[in-house]
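K.L.:
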Amino acid sequence: MDYSVPEVTSAEREFYGENLILLEGAISEFLSCMDMIRRYEVQLGNRDPVASSQTRIKSAESMRQKLQRLAFPVTAESAMKNVFDAAGVRLVCPFIQDIDRTAELIRAIPGVQIQTEKDYIRSPKPNGYRSYHLIVEIPIFLSNEKKYMKVEVQFRTIAMDFWASLDHKLKYKKDNLKHPEIIAKELKKCADTITAMDYKMQEIRSLLE
Numbered sequence: 008m009d010y011s012v013p014e015v016t017s018a019e020r021e022f023y024g025e026n027l028i029l030l031e032g033a034i035s036e037f038l039s040c041m042d043m044i045r046r047y048e049v050q051l052g053n054r055d056p057v058a059s060s061q062t063r064i065k066s067a068e069s070m071r072q073k074l075q076r077l078a079f080p081v082t083a084e085s086a087m088k089n090v091f092d093a094a095g096v097r098l099v100c101p102f103i104q105d106i107d108r109t110a111e112l113i114r115a116i117p118g119v120q121i122q123t124e125k126d127y128i129r130s131p132k133p134n135g136y137r138s139y140h141l142i143v144e145i146p147i148f149l150s151n152e153k154k155y156m157k158v159e160v161q162f163r164t165i166a167m168d169f170w171a172s173l174d175h176k177l178k179y180k181k182d183n184l185k186h187p188e189i190i191a192k193e194l195k196k197c198a199d200t201i202t203a204m205d206y207k208m209q210e211i212r213s214l215l216e
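Numbering follows my numbering, in which position 149 of the sequence shown is assigned residue number 156; successive positions increment by one, without gaps.
1) If you run the structure through DSSP and keep just helix, strand and coil, what is MET202?
2) Locate the alpha helix (DSSP H) running through VAL96, then write down its first and last residues.
3) Just how far apart, CA to CA, sit SER130 and ILE28?
4) In whole angstroms, what is the alpha-carbon distance linking LEU51 and TYR139?
5) Check whether the Cβ atoms of PHE162 and THR109 lie closer than 8 Å to each other.
6) Which value, in whole angstroms, describes the spacing of the CA atoms of THR62 and SER69?
7) Please look up how many angstroms separate the CB atoms of VAL96 and PHE37, rounded, as I've assumed it's under 8 Å.
8) Give a yes or no on contact between the segment 84-94 and the segment 143-159, applying the rule of three or more CB pairs nearer than 8 Å.
9) Grab the span of the alpha helix (DSSP H) containing ARG108 for me, first residue to last.
10) On the three-state DSSP scale, how would you describe PRO131?
11) Quick check on this structure: which residue in ILE103, ASN89 and PRO146 has the alpha carbon closest to the alpha carbon of PRO117?
12) For ASP126, write down the residues that DSSP places opposite it in a beta bridge.
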């Protein structure tokens, strides 16, 4: 089972300072919990509900822009206090049922509290984006204290993740495209097709089982 921590640049080290190790610790602690959960599910004879995972520390530039947009002070302390997605984990699951199951397992982790939930699978964004988001608060243990850190957890199926990667490229290249609105429209059609495919594949799996 995969286990990885995010790579960071000197920009993140400079911006977050001593808070960076707390963000990395929160991600490591969450991944450790997920690794045990997944192994235990397999031991019980169930399928591993997670196909892969990715992690990230929000880039210094993205964090600065977000703090400015929200009218908060542009400092590491402000980021830790006011923004809850500095540490992020993406869980890619084979089926939508696996997303629901994994979210249920996370809710049951002792000591972990769910701060917010956003279901963009049943209520997708206008551009077709689909995902399930949780903000979880997880304890990390230091030499002389216990701190609670927030981690944003995104759940996607493999198809959703593929679509989101194309949409991400569009956002960063639209200024150089002649007709970005046409590409956005085609991506929306793809999102609708992927939605139908995800549910159809889930139905087939249910029939096989």
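C-beta atoms are modelled at their ideal positions from N, C-alpha and C, and glycine is treated no differently.
All values reported here derive from a predicted model rather than from experimental measurement.
P.N.:
Taking the definition as stated:
1) It should be pointed out that residue 202 corresponds to Thr in this sequence rather than to Met. Looking at THR202 - three-state DSSP - the assignment turns out to be helix.
2) Careful: VAL96 lies outside any alpha helix (DSSP H), inside the beta strand (DSSP E) at 94-100.
3) 35 Å
4) 26 Å
5) yes
6) 16 Å
7) 6 Å
8) yes
9) 103-114
10) coil
11) PRO146
12) TYR139
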